[in-house]
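Numbering (the numbering used here), first residue to last: 9 to 325.
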């Protein structure tokens, strides 16, 4: 990861986070102007090299082409602004600016109408505020358990058919949640069956195409690692996924002071380091139920955050 050279110290990572926060202000402005003022695009410059999409619709997307991409980016930056605000409090004018940016990020997240985003910033807040390793670990296990269940289509089908709490409900929100969960589970089932048809070398890049699944047209697997396995096979997927999850786990242990001891419990890790870790963790989780990675900005920040965690493991603090 070539970004590591710029992330060697905590001070350098803080500087990068401040650049990312300040660079998100145009997203907040464009999103609010799109949602409240009806300023719709797309707006282009440099012969289409830079595009502000500003798509017309009921959800905030701002400069991104999709509300899901905007929501993903907002969650990443929320982790930085929230952790740094908690670290600084209302000490100076910059702290007040950070507070308002954090509030505007939460509002923007809600306006994207993305359930992933709403769940994401709540999870980020929990992971940043928790001081106890075991509580943080329990939160991670609960979240991962839900994602595993989401990947088991038979569980979704048996649960909903036995309870009928979603299918027979008159609540439109529960019905929408059910339909989204069911579609996602069907996509995962189709993806897994296709992967095991060609497990070694995959089907080739871009071969997923526009598949009709449960009445919907789907153009990718909605899981980054399923996408890798579908395109390139299980061996390539393992070689890429294993280091990512290893770095995530090792940095978690480092930041949340594992193994547990009375001394470690009292010596709370930096809120900023927790913000960096939770930012990447929620980004990684979002790639397990969707693939915002296809946006160049999100794919770049994915590797920047991972490189920062790699440096955190090597750093003594």
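Glycine included, C-beta positions come from ideal geometry on N, C-alpha and C. Computed from a prediction, not measured in an experiment: that's the story for all the values here.
My output table needs one value for residue 211: the three-state DSSP class, helix, strand or coil.
Here residue 211 is taken as the residue at index 203 of the chain shown, counted from 1. Here residue 211 sits in coil by DSSP.
Do the region 49-66 and the region 244-262 meet, that is, are 3 or more Cβ pairs less than 8 Å apart?
The region 49-66, when compared against the region 244-262, does not touch it at the 8 Å Cβ threshold.
So what's residue 115 in DSSP terms, helix, strand or just coil?
Start at 1 with the first residue of the chain shown, and residue 115 comes out as number 107. Of the three classes helix, strand and coil, the one that applies to residue 115 here is helix, per DSSP.
Tell me the DSSP secondary structure of residue 248 in three-state form.
Indexing the chain shown from 1 puts residue 248 at position 240. Residue 248: helix per DSSP, three-state reduction.
For the alpha helix (DSSP H) containing residue 219, list its first residue and its last residue.
Position 211 of the chain shown holds residue 219. Unbroken run through residue 219 is the beta strand (DSSP E), 219-221; no alpha helix (DSSP H).
Can you grab the Cα-Cα spacing for the pair residue 35 / residue 68, in whole Å?
Within the chain shown, residue 35 is the residue found at index 27, counting from 1. Within the chain shown, residue 68 is the residue found at index 60, counting from 1. Between residue 35 and residue 68, the C-alpha separation is close to 10 Å.
Could you pull the start and end residues of the alpha helix (DSSP H) that residue 285 belongs to?
Here residue 285 refers to the residue found at position 277 when the chain shown is read from its first residue. Per DSSP, the continuous alpha helix (DSSP H) segment holding residue 285 begins and ends at 279-294.
Check this for me: beta carbons of residue 91 and residue 279, under 8 Å apart or not?
The residue labelled residue 91 in the question sits at position 83 within the chain shown. The residue labelled residue 279 in the question sits at position 271 within the chain shown. Yes, Cβ-Cβ distance for residue 91 and residue 279 is below 8 Å.
Have a look at residue 194 and residue 223 and give me their C-alpha separation to the nearest angstrom.
For the purposes of this step, residue 194 is taken as residue 186 along the chain shown, with counting starting at 1. For the purposes of this step, residue 223 is taken as residue 215 along the chain shown, with counting starting at 1. The alpha-carbon atoms of residue 194 and residue 223 are separated by roughly 11 Å.
Whether or not the region 70-84 and the region 95-104 are in contact is what I'm after, with contact meaning three or more pairs of Cβ atoms, one per stretch, closer than 8 Å; do they touch?
Output reads no: the region 70-84 does not touch the region 95-104.
Buried or exposed for residue 260, please, with buried defined as at least 16 other CB atoms from any protein chain shown within 10 angstroms of its CB.
Stepping through the chain shown from its first residue, residue 260 is reached at position 252. Result: buried.
Nearest residue (CA-CA) to residue 217, options 208, 210, 211 and 227
Position 209 of the chain shown, counted from the start, is the residue given in the question as residue 217. Ranked by Cα distance from residue 217, the first of 208, 210, 211 and 227 is 227.
Relative to the C-alpha of residue 316, which candidate in 297, 265 and 288 has its C-alpha closest?
In the chain shown, the residue the question calls residue 316 occupies position 308. Out of 297, 265 and 288, 288 has the C-alpha closest to the C-alpha of residue 316.
Along the chain, where does the alpha helix (DSSP H) that runs through residue 32 open and close?
If you number the chain shown from 1, residue 32 lands on position 24. Note, residue 32: alpha helix (DSSP H), 18-45.
Neighbourhood of residue 239 by C-beta, 6 Å cutoff - its chain only, sequence neighbours within 5 removed
Translated into positions along the chain shown, residue 239 becomes position 231. Excluding residues within five positions, the ones whose Cβ falls inside 6 Å are 210 and 213.
Quick one: Cα of residue 313 to Cα of residue 304, how far?
Position 305 of the chain shown, counted from the start, is the residue given in the question as residue 313. Position 296 of the chain shown, counted from the start, is the residue given in the question as residue 304. The straight-line gap separating the alpha-carbon atoms of residue 313 and residue 304 is approximately 14 Å.
Residue 58 in three-state terms, based on DSSP:
The sequence position of residue 58 within the chain shown is 50, counting from 1. Three-state DSSP puts residue 58 in a strand.
Is it a yes or a no for the region 10-24 touching the region 44-52, going by three-plus beta-carbon pairs under 8 Å?
The region 10-24 vs the region 44-52: no contact.
Who are the near neighbours of residue 166 in its chain, counting only those whose CB is closer than 6 Å to its CB and skipping five residues on each side?
Position 158 of the chain shown holds residue 166. Residue placement at residue 166 cannot be trusted, given a pLDDT of 46 that sits under 50; the coordinates are not used to answer.
Measure from the alpha carbon of residue 104 to the alpha carbon of each residue in 71, 89, 130 and 235, then state which is nearest.
In the chain shown, residue 104 corresponds to position 96, counting from 1. The residue with the shortest Cα to Cα distance from residue 104 is 89.
Reduced DSSP category for residue 225 - H, G, I as helix; E, B as strand; rest coil:
Working through the chain shown from its first residue, we reach residue 225 at position 217. Here DSSP, grouped into helix, strand and coil, assigns residue 225 to strand.
State the CB to CB distance for the pair residue 286 and residue 87, rounded to an integer number of angstroms; the pair is presumed to be in contact (CB under 8 Å).
What you label residue 286 is simply residue 278 of the chain shown in a count that begins at 1. What you label residue 87 is simply residue 79 of the chain shown in a count that begins at 1. Their Cβ separation, rounded to whole angstroms, is 5 Å, which keeps residue 286 and residue 87 in contact under 8 Å.
Leaving out the 5 sequence neighbours to the left and right, which residues in its chain are closer than 7 Å to residue 300 when beta-carbon positions are compared?
Position 292 of the chain shown holds residue 300. The residues are 76, 77, 80, 294 and 306.
Residue 232 to residue 136, Cα distance in whole Å?
Residue mapping note: residue 232 aligns to position 224 of the chain shown, counting from 1. Residue mapping note: residue 136 aligns to position 128 of the chain shown, counting from 1. Straight-line Cα distance between these residues: approximately 25 Å.
Would you check if the distance between the CB atom of residue 249 and the CB atom of residue 203 is smaller than 8 Å?
If you number the chain shown from 1, residue 249 lands on position 241. If you number the chain shown from 1, residue 203 lands on position 195. For the pair residue 249 and residue 203, the CB atoms are not nearer than the 8 Å cut-off.
Report the residue from 130, 121 and 108 whose alpha carbon sits nearest the alpha carbon of residue 84.
Numbered from its first residue, the chain shown carries residue 84 at position 76. In this structure, 130 is the residue among 130, 121 and 108 with its C-alpha nearest to the C-alpha of residue 84.
Reduced DSSP category for residue 319 - H, G, I as helix; E, B as strand; rest coil
As a first step, residue 319 must be located in the chain shown, where it is residue number 311. Here residue 319 sits in helix by DSSP.
Sheet register partners of residue 52 (DSSP bridge)
Counting from one through the chain shown, the residue named residue 52 turns up at place 44. In the DSSP output, where bridge partners are listed per residue, residue 52 has 59.
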